[in-house]
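*Asks:* In terms of my numbering, the sequence shown opens at residue -12 and continues consecutively. Idealized CB from N, CA, C, for every residue including glycine.
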Amino acid sequence: MSVTGDARTNGATEVLDALRGVDDPEYPGVSVVDMGMVAAATVTGGRAEVELITTFSGCPAHDVISADIARAVGALDGITGVEVRRSAQPWDTSRLSDHARTVMARDFTVSVALPGRPTECPRCGEAALVEQSPFGPARCRAVHRCGACHEVVEVLRA
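1. Are the stretch 27 to 38 and the stretch 46 to 66 touching by the rule of at least three beta carbon pairs closer than 8 Å?
2. Using three-state DSSP, classify residue 62 as helix, strand or coil.
3. Using only the alpha-carbon positions, how far apart do residue 53 and residue 108 sit?
4. To the nearest angstrom, how far is the alpha carbon of residue 115 from that of residue 96?
5. According to DSSP, is residue -5 part of a helix, a strand, or is it coil?
6. What are the boundary residues of the alpha helix (DSSP H) that includes residue 88?
7. Round the Cβ separation of residue 43 and residue 128 to the nearest angstrom and send it over; I've been treating them as touching at under 8 Å.
8. Taking C-beta to C-beta, are residue 92 and residue 8 nearer than 8 Å?
So, in structure tokens, the structure goes:
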């Protein structure tokens, strides 16, 4: 993530701090920063720009997230305007912070598929998940069943 700012106003570091208070609407307690959705934050002459990567290109929460970002950043002293731009970068699960993965497993029973690593059941911790359907409640999640504890869980994937 690139972060730049000027010394005359709140810089991009303050913008990034404000974004840590903007949760993903699907996962309260997990910020857009922890989700790896902030590609860049810049401040020039009081105008802030945030480049947002959604978990998939047709994300229905994009407008809600953008409005939450604009509200949080716009509340900072010295910020005279906020632009939230959709990034062309693709999002993938490697962008998630450890905090995001922990909260998603503990509070939402969602496991995270990471490239090259076995996906563990958020209930029992075993790497025994078997895909039941590639179609979950959201395009970026699939339904799995754990072969060890037999729970049905969702797996977030890129």
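*Replies:* Taking the geometry as given:
1. yes
2. coil
3. 32 Å
4. 15 Å
5. Unreliable placement is indicated for residue -5, whose pLDDT of 40 sits below 50; the coordinate value is still reported in the next sentence. The answer is coil: DSSP assigns residue -5 none of H, G, I, E or B.
6. 85 to 95
7. Between residue 128 and residue 43 the Cβ distance is about 10 Å, and since that is not below 8 Å, they are no contact.
8. no
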